[in-house]
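Each residue of the sequence shown is one higher than the one before, counting from 1 in full-length UniProt numbering. Glycine included, each C-beta is placed from N, C-alpha and C at the ideal position.
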Amino acid sequence: MEKKYEHHLKGRWNVGESAEIITLIGKNISGNVNIDFHITATIEGKRPYYYKDKIEFSFTENMYFEEIMFNKRGIQKNLHAN
Numbered sequence: 001m002e003k004k005y006e007h008h009l010k011g012r013w014n015v016g017e018s019a020e021i022i023t024l025i026g027k028n029i030s031g032n033v034n035i036d037f038h039i040t041a042t043i044e045g046k047r048p049y050y051y052k053d054k055i056e057f058s059f060t061e062n063m064y065f066e067e068i069m070f071n072k073r074g075i076q077k078n079l080h081a082n
């Protein structure tokens, strides 16, 4: 089963700053799961001259989920990155 999540992040960051995106995953996930990431970033500046460029990169992360259990207090999960 394939699901696609898309996030758009707009803002201003100085060199060295970072942004974080958190995506919730579905229920009943187990075994090896490949997660594909495709990232596009636009870099823009005005001094000393106008500059605009786009950086794109992609990678796949393989995750192994032993189990995900839901209880009254929240989520308990066992997760291992390969």
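Are the Cβ atoms of Gly-26 and Lys-3 separated by less than 8 Å? yes
Determine the contact status of Leu-9 and Ile-21, defining contact as a CB-CB distance below 8 Å. yes
Let's see if you can read the secondary structure: which residues bound the beta strand (DSSP E) around His-38? 31 to 45
Starting from Thr-60, follow its DSSP beta bridges and name the residues at the other end. Asp-36
Determine the closest residue to Glu-66 out of Ile-55, Ile-29, Ala-19, with distance taken between C-alpha atoms. Ile-29
Assign Ile-55 to one of three DSSP states: helix, strand, or coil. strand
Return yes when at least one heavy atom of the ligand HEM lies under 7 Å from the C-beta of Ile-43, else no. Annotation note on the ligand HEM: not contained in the displayed structure, which lists no ligands.
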